[in-house]
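For the sequence shown, the numbering used here gives the first residue as 47, with consecutive numbering after it.
Ideal Cβ placement from N, Cα and C applies to all residues, glycine included.
Here the structure is laid out as structure tokens; the discussion comes afterwards.
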Amino acid sequence: SSHRVLFKRSIQCKQHALHLRRHPLDTVTVGGSLSKPRAMNASLMALKSAGVEGVMVDAWWGLVEKDGPLTYNWDGYAKLVQMVRKHGLKLQVVMSFHQCGGNVGDSSLIT
Numbered sequence: 047s048s049h050r051v052l053f054k055r056s057i058q059c060k061q062h063a064l065h066l067r068r069h070p071l072d073t074v075t076v077g078g079s080l081s082k083p084r085a086m087n088a089s090l091m092a093l094k095s096a097g098v099e100g101v102m103v104d105a106w107w108g109l110v111e112k113d114g115p116l117t118y119n120w121d122g123y124a125k126l127v128q129m130v131r132k133h134g135l136k137l138q139v140v141m142s143f144h145q146c147g148g149n150v151g152d153s154s155l156i157t
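Shown next as structure tokens:
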């Protein structure tokens with residue numbers, strides 16, 4: 047029956063689910079650099095030791111294209127990719143085109 051197929055697919059999805067940890071909204075600074083790289087390195091090391099498979103981070107377009115249209119600064123995110131790779135973790139990037147700030151838990155203002 048169709049219910050059996052859906053249930054089987056659901057089980058398969060759960061078996062392959064990643065265990066990710068979301069990084070703070072201000073992982074990359076307003077200036078475009080990686081925020082607190084030494085602390086980030088220690089955090090990634092601890093996460094790997096704890097059995098976490100990867101991390102998730104928002105890539106804020108307001109930071110990447112901050113200096114104007116068609117002028118991109120990926121430096122902070124590139125540094126994060128290198129660090130994540132170094133620790134053997136996976137990375138999931140959420141492209142965030144909306145404003146950050148003014149909501150519960152927002153630690154920075156990005157427009």
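Just how far apart, CA to CA, sit residue i and residue j?
i           : j           : result
residue 54  : residue 118 : For residue 54, the predicted structure reports a pLDDT of 41, less than 50, and the residue's modelled location is therefore unreliable. A value from the coordinates is still provided. One C-alpha to the other measures close to 44 Å.
residue 112 : residue 86  : 23 Å
residue 109 : residue 95  : 31 Å
residue 17  : residue 97  : It is not possible to answer for residue 17, since the shown part of the chain is limited to 47 through 157.
residue 93  : residue 81  : 18 Å
residue 72  : residue 134 : 23 Å
residue 122 : residue 104 : 12 Å
residue 143 : residue 132 : 28 Å
residue 116 : residue 76  : 18 Å
residue 74  : residue 120 : 10 Å
residue 114 : residue 88  : 34 Å
Per the DSSP calculation, residue i is bridged to which residue(s)?
i           : result
residue 104 : 140
residue 74  : 80
Measure the CB-CB distance between residue i and residue j and report whether it falls below 8 Å.
i           : j           : result
residue 102 : residue 138 : yes
residue 136 : residue 100 : yes
residue 174 : residue 125 : Nothing can be reported for residue 174, as the shown portion of the chain is limited to 47 through 157.
What residues in its chain sit with their C-beta under 7 Å from that of residue i, if we drop five residues either side in the sequence?
i           : result
residue 130 : 90, 101, 137
residue 127 : 137
To which residues of the same chain is residue i closer than 6 Å at the C-beta, ignoring the five residues directly before and after it?
i           : result
residue 141 : 105
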